[in-house]
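Report on the structure given below.
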Amino acid sequence: MTKKYIFDNNSQKVLLCLLGVINMLFVVKYCPAYSFLAAAIYGIVLSSSYCYYKYFLQDKLQKRHVYILLFALIVCVTISLLLLVDPYSVTVDRWSALYNWSDTLFQGKYPYDTLTHTHIPENYPSPFPIWQIVHIPFYFLGEMGIGHLVTLTLVCYVLYKYQKSFNLTLFLFLILLSPCYWWEITVRSDLMNNMFICLLFITIFHFSFRETRYMLPLGIIIGLLLCTRLFTGIPLAVYFIPYFIRKSTTNKLKLIVGCLLGFVCPFIPFMIWDFDRLFFFEYSPLMLQTKQGSIYTLIVGLIFIGIFSFCWKNYKEYLLYISVILFSFILLNFIKFIYHDGFMATLTNDLFDISYFNITIPFVVLGLCLSKTDNNENEKISLFDK
Numbered sequence: 167m168t169k170k171y172i173f174d175n176n177s178q179k180v181l182l183c184l185l186g187v188i189n190m191l192f193v194v195k196y197c198p199a200y201s202f203l204a205a206a207i208y209g210i211v212l213s214s215s216y217c218y219y220k221y222f223l224q225d226k227l228q229k230r231h232v233y234i235l236l237f238a239l240i241v242c243v244t245i246s247l248l249l250l251v252d253p254y255s256v257t258v259d260r261w262s263a264l265y266n267w268s269d270t271l272f273q274g275k276y277p278y279d280t281l282t283h284t285h286i287p288e289n290y291p292s293p294f295p296i297w298q299i300v301h302i303p304f305y306f307l308g309e310m311g312i313g314h315l316v317t318l319t320l321v322c323y324v325l326y327k328y329q330k331s332f333n334l335t336l337f338l339f340l341i342l343l344s345p346c347y348w349w350e351i352t353v354r355s356d357l358m359n360n361m362f363i364c365l366l367f368i369t370i371f372h373f374s375f376r377e378t379r380y381m382l383p384l385g386i387i388i389g390l391l392l393c394t395r396l397f398t399g400i401p402l403a404v405y406f407i408p409y410f411i412r413k414s415t416t417n418k419l420k421l422i423v424g425c426l427l428g429f430v431c432p433f434i435p436f437m438i439w440d441f442d443r444l445f446f447f448e449y450s451p452l453m454l455q456t457k458q459g460s461i462y463t464l465i466v467g468l469i470f471i472g473i474f475s476f477c478w479k480n481y482k483e484y485l486l487y488i489s490v491i492l493f494s495f496i497l498l499n500f501i502k503f504i505y506h507d508g509f510m511a512t513l514t515n516d517l518f519d520i521s522y523f524n525i526t527i528p529f530v531v532l533g534l535c536l537s538k539t540d541n542n543e544n545e546k547i548s549l550f551d552k
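Structure, rendered in structure tokens:
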């Protein structure tokens, strides 16, 4: 009889703790009457559900009809939330930063010169051009939340194709149990989706294209991902820095040129349109994204990236390290606010946006769903095989 383990490796213990802590912050914030009791109950439910699934249900539920059932359930709940919650009733304005950008663009005006639906003077669109362009179809459909359904479908498709390496049932199960995911859908935030897309590219590259000789196209794709949000630069740097170091000088130059082309070219139309507004306006996307955090957290973040880039030896370790880096980067800023204003005041008075912790969730969840061995990492897999 094969011996069963709840945790396939020690990294999963850390990842489960991160998943629990992030979700418990959302429970504390949005269940103020019984905040800590509700958070404690949630933590127990999450950990016990995960352990029960891993020990008793994992082998039984690795079935196609289970994938479909869980996927359909998440889709139904998502559609219900999108229909029930009026986007104009929420104070989170990430959806309107995308919607109003497209609306202004198709009126023939400079698209970054628009406010979000909150009409707060400093709330201008911050996503870079590529992420804005990706959401234009959802603007025409009249619902930015459709992006969540598209992202979920893409993630499930990739994990299904790589089912030797990932547990799709566990992924869907953890998503169902994550209040932070349902918060993203309710307020139509695109932050977690952005990181999921970045992680999908890294996952596909890792399992199918690591031996590619096409450095220029690879660099362009990396540059395009950087042209969504600067946060994507952290997981991309940790993964590709050691890859870059091992390449020849010619290939290094191709990668650099490709990255520059992918990042700079989407900005060129906006440079021509209004150069001063793009580079020198206080609330331009470049200014908004580069002023996040402090110089100290930036220095610590760069040190973490430099160290961990050369520490990971397999994809399991990569997902663990990048989860820790992203969580630590946000946590340092969170602690600074707690020090000045106290924990509950910081959390309940919106002094700090805890949704930034959600950039960690894609890496945490995929790390928990990764198989216990790395034997499949060297097996080239096609995304398009039947």
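For the sequence shown, the working numbering assigns the number 167 to the initial residue and increments by one for each residue that follows. Think of the CB as a built atom: it goes at the ideal place given N, C-alpha and C, for glycine as much as any other residue.
Asked: Counting only the same chain and skipping the five closest in sequence on each side, list residues whose C-beta sits under 6 Å from that of T270.; Found: P277, T280
Asked: Report the option in S414, L421, I465, N524 whose CA atom is closest to the CA atom of L402.; Found: L421
Asked: Are the CB atoms of G399 and F429 within a distance shorter than 7 Å?; Found: no
Asked: What residue from I520, L534, C535 has the CA that sits closest to I188's CA?; Found: I520
Asked: CB-CB under 7 Å to F474, same chain, minus the five flanking residues each way: which ones, in chain order?; Found: V404, Y487, I491
Asked: Would the beta-carbon of N524 fall within 7 Å of that of L357?; Found: yes
Asked: Closer than 8 Å is the cut-off here; do at least three beta carbon pairs connect the segment 313-328 with the segment 361-381?; Found: yes
Asked: If you measure between the beta carbons of V232 and T319, is that distance less than 7 Å?; Found: no
Asked: Of all the options I465, P408, L468, which has the alpha carbon lying nearest to the alpha carbon of K479?; Found: P408
Asked: Find out if the Cβ-Cβ distance for the pair V530, S494 is shorter than 7 Å.; Found: no
Asked: Does the Cβ of L338 have 16 or more other Cβ atoms within 10 Å, making it buried, or fewer, making it exposed?; Found: buried
Asked: For D507, report the span of its alpha helix (DSSP H) as first-last.; Found: 481-507
Asked: Since L532 contacts L365 with CB under 8 Å, what's their CB separation in whole angstroms?; Found: 6 Å
Asked: What does the alpha-carbon distance come out to for the pair N175 and R395?; Found: 32 Å
Asked: From I527 to W439, what does the alpha carbon distance come to, in whole angstroms?; Found: 37 Å
Asked: Looking at I302 and S268, is the spacing between their C-beta atoms short of 7 Å?; Found: yes
Asked: Just how far apart, CA to CA, sit I299 and F272?; Found: 12 Å
Asked: Which runs of the beta strand (DSSP E), 3 residues or longer, sit entirely within the segment 176-264?; Found: none
Asked: Buried or exposed: G472, going by 16 or more other Cβ atoms within 10 Å of its Cβ?; Found: exposed
Asked: Within 10 angstroms of the Cβ of N544, are there 16 or more other Cβ atoms? Answer buried if so, exposed if not.; Found: Low per-residue confidence applies at N544: pLDDT is 49, beneath 50, and the placement is therefore not dependable enough to give any value.
Asked: Cα separation between T282 and G308?; Found: 16 Å
Asked: Measure the C-alpha to C-alpha separation of S255 and Y449 and round it to an integer number of angstroms.; Found: 24 Å
Asked: Report the rounded CA-to-CA distance for P198 versus M510, giving the unit in angstroms.; Found: 9 Å
Asked: State the Cα-Cα distance for the pair L236 and P451, rounded to the nearest angstrom.; Found: 37 Å
Asked: Give the straight-line distance between the Cα atoms of G311 and T416, rounded to the nearest whole angstrom.; Found: 43 Å
Asked: Identify every residue that forms a DSSP beta bridge with F371.; Found: Per DSSP, none; premise fails for F371.
Asked: From K413, P383, T257, I286, pick the residue whose C-alpha is nearest to that of E350; which is it?; Found: T257
Asked: Nearest by alpha-carbon distance to F406: which of P432, W348, V353, F476 is it?; Found: F476
Asked: Quick check on DSSP: helix, strand or coil for F294?; Found: coil
Asked: Where do the ends of the alpha helix (DSSP H) carrying T280 lie?; Found: Careful: T280 lies outside any alpha helix (DSSP H) and carries neither H nor E.
Asked: Would the beta-carbon of I286 fall within 7 Å of that of K220?; Found: no
Asked: Can you grab the Cα-Cα spacing for the pair F304 / L264, in whole Å?; Found: 9 Å
Asked: Taking C-alpha atoms, which residue in I504, L426, I496 lies nearest to A386?; Found: Looking at the sequence shown, residue 386 is not Ala but Ile. Closest option to I386, Cα to Cα, is L426.
Asked: Cβ atoms of V423 and T352: under 7 Å apart, would you say?; Found: no
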